[in-house]
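All remarks here apply to the structure that follows.
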Amino acid sequence: MRDPVVVIGGGLAGLAAAARLAKVGHQVELYERSDRLGGTWTPYQLISDVTVDDAPSIIGFPAPWRDLFRKSGRPLEAELARMGYALEPAQPATMIFADGAELTLPTDRGGQYATVAAAYGKSVAERWRDLLDRLDDVWQTLRGLGLEAELSSSRQLNRTARRSLFGHRATVADLATSIDHDHLGAVIRNVA
């Protein structure tokens with residue numbers, strides 16, 4: 002029998018690591034210094050009869066959360082419902098730029114095109130659409146590497162590292178520059 006794998010910390014990262022390790026057959030020992038799991042998001046008593054936590058009210062990328070809960074045998078939606086909550090789409094974020102301008106960018110591509118075209122013109126919207134189209138191939142490749150599927154080998158990373166955005170390696174700064182627009186370049190840098 003193998004020695005147990007030791008995970009230090011019962012916050013979200015520690016719980017996720019322990020669940021994934023256990024799922025693939027490892028015996029896991031989880032050590033947490035406090036008497037409750039959850040790390041900084043552990044519920045606590047603010048005043049008598051008022052329990053609060055520091056968990057975010059908006060989950061920006063729910064797929065890893067769903068995966069963590071599914072691997073624990075307790076689907077995320079069911080656990081939220083048990084506590085009286087529901088996972089619902091958030092309203093689009095409003096970006097406020099250094100020059101004071103604002104842009105509320107919808108999450109769907111058609112809405113983004115219309116919003117960018119109305120704010121900055123059709124040619125800028127076309128550049129934004131074309132950039133998202135080019136990045137879609139990269140996203141479809143990367144999403145399976147630990148975000149939506151288990152990362153099982155370094156060969157997966159090596160194959161992905163050979164993929165490119167424009168026929169060569171591009172940095173986030175390159176992408177922000179390639180859009181040739183101050184506000185949309187700031188959106189790219191912010192997301193990264």
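Throughout the sequence shown, residue numbering follows the numbering used here, covering 2 to 193 in sequence. For each residue, glycine too, the CB sits at the ideal point set by N, CA and C. Please read these numbers as outputs of a predicted model, since none were measured by experiment.
Per-residue DSSP class, three states only, for residue i
i, result
"Gln46", "strand"
"Thr172", "coil"
"Glu89", "coil"
"Ile97", "strand"
"Ile189", "helix"
"Thr108", "coil"
"Val25", "coil"
"Leu238", "Because residue 238 is not part of the residues shown, which for the chain are 2 to 193, the question remains open."
"Ala118", "helix"
"Leu148", "Confidence at Leu148 is low in this model, with a pLDDT of 49, below 50, so the placement of that residue is unreliable and no value is reported for it."
Local Cβ density within 10 Å of residue i, reported as buried at 16 or more and exposed below that
i, result
"Leu176", "buried"
"Gln28", "exposed"
"Val8", "buried"
"Asp68", "buried"
"Val51", "exposed"
"Gln113", "buried"
"Leu104", "buried"
"Leu16", "buried"
"Ser53", "Checking the sequence shown, residue 53 turns out to be Val, not Ser. When all chains shown are included, Val53 counts as exposed."
"Asp87", "First, the amino acid is wrong: residue 87 is Ala here, not Asp. Looking at its Cβ environment, which holds fewer than 16 other Cβ atoms inside 10 Å, Ala87 is exposed."
"Val117", "buried"
"Ala20", "buried"
"Ala126", "buried"
Nearest-angstrom beta carbon gap, residue j and residue i [assumed within contact, 8 Å]
i, j, result
"Met96", "Val173", "Met96 to Val173, Cβ: 16 Å. No contact."
"Glu5", "Glu33", "With the sequence shown as reference, residue 5 is identified as Pro, and Glu is not the correct amino acid for it. Not confirmed; about 15 Å, so no contact."
Within 8 Å, do at least three Cβ pairs link the region 32-41 to the region 11-18? Verdict: yes, contact present.
Does the region 167-187 touch the region 118-132, meaning 3 or more C-beta pairs lie closer than 8 Å? Contact between the region 118-132 and the region 167-187 is present, with at least three C-beta pairs closer than 8 Å.
If we count Cβ pairs, one from each stretch, closer than 8 Å, do we get three or more for the region 25-40 versus the region 60-71? no
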